[in-house]
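In terms of the working numbering, the sequence shown is residues 100 to 367.
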Amino acid sequence: MTRWSLRQRALLNEMGVRVWWPEREATATGQAGAATPGDPVRAEAAAVASAAGTVASLQNPTDRAQPVAPSAVADMDWAALRAAVAACTACPLCAQRKNTVFGTGNPRARWMIVGEAPGEQEDLRGEPFVGKSGQLLDSMLAALRLSRADGVGPPRQVYIANTVKCRPPANRNPEPAELAQCEPFLVRQIELVEPKVIVAMGRFAVQALLRSSEPIGRLRGRVHRYRAVPLVVTYHPAYLLRNLQDKARAWEDLCLAREVAAGAGPAP
Ligand code: SF4
């Protein structure tokens, strides 16, 4: 678990990013009690908490859940955003995660792949799209001469992020409230990457970015827009592993994305 100084916690709290810490420390910060005279740690914590003016229930993940305010992350750089995700307890998915799954690849990539929610392997490694679905994605990217790996540069290196940064228990679908809570992080990632094309893989990525509940089959095959960024919809690799007949359609979608990226002009 990431350890935060009292001042860092208070700062994150002020930004609207709720951070959980053990009850003893929460008490020390004045969240649930007053400072003890002669205890410098508690005295500092009480002062910080008082300055921040924060009052939050920290008894369990559900009680702790607080929305991630879009304005709280709007000005964050990559380091601050990563730290905010690592510390986030805005929804109940924080309770059972082993790692947050932030994102990987080139932070100024031309291609941005957006997946759904972490699975077991992603949770263990803290990286999106690992295991068999990750291997399939890597193979499809390699066929386009793209990669998530370091060292290939922005024209060839993609950036990959998930819609939700923490694994839902037993790989259940993320709840609408969880998707909404986590969305500001993805929005900020897209703002920072400034991709030339987004590939939304799977139902929940599409719901988050296009606000559409239409089936993938009805949305794929054409170029949408997320804000001003061209967006192509396709199937999630995990789905393709179970539905091999749709692999050819996914390949068509990636070829469409390649056309879009190529039409966006030379790489910076
Ligand atoms: S899923 Fe997103 S909003 Fe929920 S705790 Fe994890 S990082 Fe925070």
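Yeah, the Cβ is synthetic: ideal placement off N, Cα and C, and Gly gets one too.
Between the alpha carbons of L243 and R357 lies a distance of about 8 Å.
Closest option to L330, judged by alpha-carbon separation, among V359, E313, S311 and P336: V359. For the pair L308 and A299, the CB atoms are nearer than the 8 Å cut-off. D352 counts as buried, since at least 16 other C-beta atoms from the protein chains shown sit within 10 angstroms of its C-beta.
Three or more Cβ pairs closer than 8 Å define a contact, and the region 174 to 191 meets that threshold against the region 199 to 208.
Residues with their Cβ less than 7 Å from any non-hydrogen atom of the ligand SF4, running along the chain, are V167, V184, C187, T188, A189, C190, L192, C193, R196, T199, V263, K264, C265, E277, Q280, C281 and F284. Each of R255, V257, Q256 and P273 was checked against the Cα of V263, and the nearest Cα belongs to P273. Annotated three-state conformation of Q256 is strand, per DSSP. Residue ranges of uninterrupted beta strand (DSSP E) with 3 or more members, entirely inside the region 223 to 271 and ordered along the chain, are 258 to 261.
Scanning its chain for C-beta atoms nearer than 8 Å, with the 5 sequence neighbours on each side dropped, one finds around R255 the residues R244, L245 and S246, in chain order. Contact annotation: Q288 and A260 have beta-carbon atoms nearer than 8 Å. Judged by DSSP in its simplified three-state form, V322 adopts strand.
Separation of the CB atoms of A304 and R266 is rounded to 16 Å, and the pair is thereby denied contact status at 8 Å.
Between P169 and P283, the C-beta gap is smaller than 8 Å, which places the two residues in contact. In this structure, I297 places its C-beta atom within 8 Å of the C-beta atom of V213.
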